[in-house]
Every structure is written in structure tokens, then in C-alpha cells.
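S.K.: Under the numbering used here, think of the first position of the sequence shown as 56, with each following residue one higher. What follows is a single structure, and I will ask about it in a moment.
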Amino acid sequence: MNRQLERYLKGTLIFLDLLALNLSNFSLQGIFANHVNHEFLGAYNRYFLITNGFWLVLSITFALYSIRVISDFNTFVKRTVQVVLVYLMLVMVYLFFSRELLLSRKFVFYSSVSFSIALFFIRFLFLGFQRYFRKSESLKKRVLIVGYNETSKKLTKFLESENSNADVMGYIENPEIIRELTNYPILGDFSSALDIARKMDIHEIFYTGSIGQGSDLNEFIRRAERESIKVKIVPNLDSYLVYDSHIEFYGGVPVLTRRYSALDDAGNVIKKRLLDVVASSLIIILVLSWVIPILGILIIIESGLPIFFKQKRTGMSNKPFWCYKLRSMKVNKDADNKQATKDDMRITRVGKFMRRTSLDEFPQFFNVFLGDMSLVGPRPHMLKHTELYASIVDEFMVRQFVKPGITGWAQINGFRGEINSESDIRNRVELDLWYIEHWTLWLDIQILFLTVYKVIVGDKKAY
56 MNRQLERYLK
66 GTLIFLDLLA
76 LNLSNFSLQG
86 IFANHVNHEF
96 LGAYNRYFLI
106 TNGFWLVLSI
116 TFALYSIRVI
126 SDFNTFVKRT
136 VQVVLVYLML
146 VMVYLFFSRE
156 LLLSRKFVFY
166 SSVSFSIALF
176 FIRFLFLGFQ
186 RYFRKSESLK
196 KRVLIVGYNE
206 TSKKLTKFLE
216 SENSNADVMG
226 YIENPEIIRE
236 LTNYPILGDF
246 SSALDIARKM
256 DIHEIFYTGS
266 IGQGSDLNEF
276 IRRAERESIK
286 VKIVPNLDSY
296 LVYDSHIEFY
306 GGVPVLTRRY
316 SALDDAGNVI
326 KKRLLDVVAS
336 SLIIILVLSW
346 VIPILGILII
356 IESGLPIFFK
366 QKRTGMSNKP
376 FWCYKLRSMK
386 VNKDADNKQA
396 TKDDMRITRV
406 GKFMRRTSLD
416 EFPQFFNVFL
426 GDMSLVGPRP
436 HMLKHTELYA
446 SIVDEFMVRQ
456 FVKPGITGWA
466 QINGFRGEIN
476 SESDIRNRVE
486 LDLWYIEHWT
496 LWLDIQILFL
506 TVYKVIVGDK
516 KAY
């Protein structure tokens, strides 16, 4: 689907969703008119404003209407479910704290249900339009692909998908160099490309050859444009690219970011930081204020002072920071060099309990509040271990593009505790990089809930 149409659809979807929300509210207010006294309309007006605000803020936070989301129907429906669930939770929180006694609970229930149903009706209408658009022959673009290589194969696979309205007619390549069976015919070489395009009524040509190979490329483009044929250049950057690489334009100059993350965007950094500050503040006030004194007394009774253990760990941009924990081991000279192992003689009895329940990590919420760490991210390592692992795995230091976390994607997937082999650290790095490249605020929330679940049911690697 072309970008201009997607932007139009984006605006239409926003309008339809807000229309559905307000129609649900206003129409049901009329149905429940016997419950509504004119003196109480202020409560309903506040509710209408609040729900509109909730929906707009959540839509922006979850990027519900981003081109990437709406272009894939399954992703769009899944993201809508996420936003609806959070929206309903916020409505319940609002009702609980505002104590709007003048607002009919039946009205709130039925308006929320009707809005949710309307949303999914809109999504299925959208799916029908997408399918019509993709199947409509009048909207199909006949395309040729110049070059037969790995880049052109990937491009062809995309053009064949439901997200495209292209009709691939074949490849332009020297038939003598092709050594395999192709999905589409080899129609001729580069010198005959425009003649072939003219005869086949081609709308677009994708050029995937190297720029050096196409030294007369500019002339080719000029001649194609005289025939009203659009030429799109697809640079072959396979050797430079990893998942979700990103191209930006600085004053008209294309700049390729090899490893792009949503956390490169300042708005997303602010969202993540807000979650960190709010959650860490609540935990410090509501939990740490009484848990730490109790555990501190138990630590002193068994092994004396100090209560806390601090250690320099590697943080964002490879900068060291003091990482705080409740002391779970006897004071020892190997603390900064040797990682904890199963049945480690240095671990105290109170320490075993704290490590099994992850209570020893709780002081790191202060690290989060201060900004050295995040709730979710790659786990920080001792400085010497960072140096060692970086020499084993080339991509290890890419983890330091973001703040380290109390928990992370690797940890909830079973990679925590002792590192005994090269494969252990490689697997952790792979999962950490996946997290960085796929970050969303919703992913952070999911990881936090899964971490709580793991703590409750127990983790055999927690020692």
C-alpha cells in the first residue's frame, strides 16, 4: 500500500475511532436518560473529556496509528487490543479515585463495551478495504526489477506480499550469468530494459544493481521518465545492514544508522524515563521503606555490617556507575572479580533467601530513580567481566547503547545467573540486542509482569 494512501487512512482511522468513542458516550447517555438529571451533566461532560484524553494519549504512547502498525492487519488488531485493555483499566482507575457518584455505572459499562465493539468493526472494515485495494487490478502497478541478486530476491518477496500492490513482471539481467531457476522470467539485459518496459506497459522499475555497474544510470532514469516510467534505486547494503536499520536525511544527505532502536527517539526515551521514575518512586515509598529495614536487621544479626553491597558496573555508553544491592555474601576479597555460583560458600543463609526471591536486587530501584539504570534493559556486568565478554562477542558493547536494567528480555527467557560458557554469553547478547531493536513501552510492561511471575513461581537459576 503506498505511503500517501496510508497517511490518508491514518487520519481516517483516528477520526472514526474518536467518532465511535463519542457516539457511544452520547447515544448511551440518551438511552440512560432516566438516570441522568440535568444537574449531573457536569459529571458526564468530565467523563467525555477524560475518555477522549485517555484514548488520544494511549494512541500516541502505543503508536496505534503509526504507518508500520496499520500496514499490517494482525499487528493493528493486536495493538488495538492492548490499547483497549489499558484504556478500560484507566477508566476504572478514574472512577475509583474521582468517586463520581453522579455517573451511572451501567452507562460506563455499556458505553465501554459498545466502543470496544465499534473499534473492532472499524478494523474489519479496514481489512476489507485493504483486501479490495490489493486485489483491484486498476490499482496494480506493473513493475520490472533490474538485477538478480540477494537484494532483488528480498525485494521480490516483499512485492509479492499483501502489503504491496505491485505486479512483478520479471527481471532485467544478463541471462548468461544466471545459474538457478527464477520465480519470474529473465526478460533481457540492461541495454534492452526500456524497450521491454515500453512494450509491457511498465509503471515502475526497481534498480538493484551496483552503482558502479550502472555508470549510465542517470541517462537511463532520464529516458525512463520521458516514457512516464518511475525508476526506484534500491542500494545493495546487505553487508552493512542488521535488523531495522534506519535511513535519515540531514540537510538532504542520506545517513544510514546501522542499528536503529525506537529508543533513539527522544520522545520514547522520555516515556521510558517516566515509567522508571513513577514505578521506582512508588516501590521505594510503598515497599523499600519497610522491606529494607527488616532485611537489614536480619543481615546484621547473621553477619554484621554492612547492610548494603556496592560494586562498579558498566552502564550506558560504557560509563561505570555504583550498583547497589543488599549484601547476600560474607565480606570477601573476590567480590569484584568472581561471580556467584551454585552452592557458593560465600553466600549467607539470609543471602540465599534474598537471592532466591531477588530481594537483594531491590536497592537498584534507587539506581533507577537516580537515572543510572532502567527498570528493564540488559543486565549490568562487573567492569572486568564487561572487558572479558566484549573480547568474546563482537556485538557485546552494543548493549551499552541503552541503560542497564533490573530485569531484561534475556532474564525472563531463562538466561540469568552464572555464565559458564561462550554460548551462554552469546545467547544473552542475542536476546539483549533483540530487546534494543524491538523496544516498545508495552514490551517493558510485559517484561515487568513476567518478572514478577518468575519471582513468585521461583527460578532454579536464582542462587
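Using N, Cα and C, we set each Cβ at its ideal position, and we do this for glycine too.
What ranges does the alpha helix (DSSP H) occupy inside the segment 479-512, keeping only unbroken runs of at least 4 residues that lie completely in it?
M.R.: Within the segment 479-512, the complete alpha helix (DSSP H) runs of at least 4 residues are 496-512.
S.K.: Does the beta-carbon distance from Phe164 to Leu210 come in below 8 Å?
M.R.: Cβ distance not < 8 Å, so Phe164 and Leu210 don't count as in contact.
S.K.: What residue range does the alpha helix (DSSP H) around Ala221 cover?
M.R.: Where Ala221 is concerned, there is no enclosing alpha helix (DSSP H), although the beta strand (DSSP E) it sits in stretches over 221-227.
S.K.: Sort out for me which residues DSSP pairs Arg303 with in a bridge.
M.R.: It is worth fixing the name first, because residue 303 is Glu in this sequence and not Arg. Per DSSP, Val310.
S.K.: Ignoring anything shorter than 4 residues, give me the alpha helix (DSSP H) runs that lie fully in the segment 304-378, in order along the chain.
M.R.: For the segment 304-378, whole alpha helix (DSSP H) runs of length 4 or above, ordered along the chain, are 321-338, 344-358.
S.K.: Less than 8 Å between the beta carbons of Leu68 and Tyr120, yes or no?
M.R.: Yes.
S.K.: Which of the three DSSP states, helix, strand or coil, is assigned to Gly264?
M.R.: Looking at Gly264 - three-state DSSP - the assignment turns out to be coil, as it is neither helix nor strand.
S.K.: Tell me whether Ser478 is buried or exposed, calling it buried when 16 or more other Cβ atoms sit within 10 Å of its Cβ.
M.R.: Per the 10 Å Cβ criterion, exposed.
S.K.: What residue range does the beta strand (DSSP E) around Ser429 cover?
M.R.: From DSSP, the beta strand (DSSP E) with Ser429 extends over 429-431.
S.K.: Work out the CA separation of Ala279 and Asp271 for me, nearest whole Å.
M.R.: Near 12 Å, if we compare the C-alpha coordinates of Ala279 and Asp271.
S.K.: So, with DSSP's three-state summary, where would you put Ile474?
M.R.: Looking at Ile474 - three-state DSSP - the assignment turns out to be coil, as it is neither helix nor strand.
S.K.: If we call anything under 8 Å between Cβ atoms a contact, is Gly432 one with Pro459?
M.R.: Yes, the pair counts as a contact, with Cβ atoms nearer than the cut-off.
S.K.: What residue range does the beta strand (DSSP E) around Thr403 cover?
M.R.: No beta strand (DSSP E) holds Thr403; DSSP gives it neither H nor E.
S.K.: Lys439 lies in the alpha helix (DSSP H); which residues open and close that run?
M.R.: Unbroken alpha helix (DSSP H) run through Lys439: 438-447.
S.K.: State whether the segment 364-374 contacts the segment 434-454, with contact taken as three or more CB pairs (one from each stretch) at a distance under 8 Å.
M.R.: Yes: the two stretches touch, three or more of their Cβ pairs being nearer than 8 Å.
S.K.: Between the segment 411-418 and the segment 339-351, do at least 3 Cβ pairs fall closer than 8 Å?
M.R.: Contact holds: three or more Cβ-Cβ distances are below 8 Å.
S.K.: Report back the beta-carbon spacing between Ile480 and Val448 to the nearest angstrom; my notes put them in contact at under 8 Å.
M.R.: Indeed they touch by this definition, with Cβ atoms about 6 Å apart.
S.K.: Go through its chain and collect everything with a Cβ distance to Gly264's Cβ below 7 Å, but skip five positions before and after it.
M.R.: Answer for Gly264: Val201, Gly202, listed in chain order.
S.K.: How would you label Pro418, buried or exposed, when you count the other beta carbons within 10 angstroms and need 16 or more for buried?
M.R.: Buried: at least 16 other Cβ atoms inside 10 Å.
S.K.: Give the secondary structure of Arg160 by DSSP, where H, G and I count as helix, E and B as strand, and everything else as coil.
M.R.: Helix at Arg160.
S.K.: I'd like to confirm the pairing. Which residues does DSSP put opposite Gly243 in its beta bridges?
M.R.: DSSP lists Ile227 as partners of Gly243.
S.K.: What first and last residue would you give for the alpha helix (DSSP H) that runs through Leu119?
M.R.: Leu119 -> no alpha helix (DSSP H), and no H or E assigned at all.
S.K.: For Ile354 versus Val405, is the C-beta spacing smaller than 8 Å?
M.R.: Taking 8 Å as the Cβ cut-off, Ile354 and Val405 qualify as a contacting pair.
S.K.: By how many angstroms is the C-alpha of Lys208 removed from the C-alpha of Asn238?
M.R.: Rounded to whole angstroms, Asn238 to Lys208 spans 9 Å at the Cα level.
S.K.: Under the three-state reduction of DSSP, which class applies to Gly469: helix, strand or coil?
M.R.: The answer is coil: DSSP assigns Gly469 none of H, G, I, E or B.
S.K.: Report the partner residues of Arg197 according to the DSSP bridge assignment.
M.R.: Arg197 is bridged to Asp222.
S.K.: Can you tell me the Cα-Cα spacing of Phe176 and Asn77, whole angstroms?
M.R.: Distance between the alpha carbons of Phe176 and Asn77: 16 Å.
S.K.: Just to confirm the assignment, what range does the beta strand (DSSP E) spanning Val286 have?
M.R.: 285-288 is the span of the beta strand (DSSP E), which, as asked, contains Val286.
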